[in-house]
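This report refers to the structure that appears directly beneath it.
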Amino acid sequence: MSQWNQVQQLEIKFLEQVDQFYDDNFPMEIRHLLAQWIENQDWEAASNNETMATILLQNLLIQLDEQLGRVSKEKNLLLIHNLKRIRKVLQVRMHSTFSEYVHVCILNSV
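Numbering-wise, the sequence shown is residues 10 to 119 according to my numbering.
See below:
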């Protein structure tokens, strides 16, 4: 069972704490949709290797694009809108505060 699936089974008081942890820097939708992929990446190593971090963050956007394509087929307008907005925000944040963003990904991968 993935870590994210385990988190979702916590008691409500703990889920409220999880909810406070996620924000626009790393939205919960991304953690949810890309849970398996996120958990399979070596974010710790990427934090010490800018080239690896760049590749991981670019791959994160690719994964998000793939999810966006999948959701578009389902015609889920609200989720499509949110994912497009999230992608745009993430892209800007990644470029402006790159090393900081890798650390955000590390924190959100566990």
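In this text, a Cβ means the ideal position worked out from N, Cα and C, and glycines have one as well. Since the structure is predicted, the reported quantities are computational estimates derived from the model, not experimental observations.
Pair within 8 Å by beta-carbon distance, residue i and residue j
i      : j     : result
Leu43  : Gln18 : no
Gln100 : Leu70 : yes
Leu87  : Leu73 : no
Chain-order list of residues whose beta-carbon lies under 7 Å from that of residue i (same chain, five-residue window excluded)
i     : result
Gln45 : Ser11
Chain-order list of residues whose beta-carbon lies under 8 Å from that of residue i (same chain, five-residue window excluded)
i     : result
Ser81 : Ile89
Beta-carbon proximity list for residue i, same chain, < 6 Å, skipping 5 on both sides
i      : result
Leu135 : Nothing can be reported for residue 135: it is not among the residues displayed for the chain, which extend from 10 to 119.
Rounded C-alpha distance that separates residue i from residue j
i     : j     : result
Val27 : Phe35 : 12 Å
Arg79 : Thr63 : 25 Å
Lys84 : Glu53 : 36 Å
Ser8  : Arg96 : Given that the chain is displayed from residue 10 to residue 119, the structure contains no residue 8 and the question cannot be resolved.
query: What alpha helix (DSSP H) runs, 4 residues minimum, are completely inside the segment 37 to 64?
result: 37 to 42, 44 to 48 and 52 to 55
- request: Would you list, in sequence order, the uninterrupted beta strand (DSSP E) runs of no fewer than 3 residues that lie entirely inside the segment 63 to 101?
  value: none
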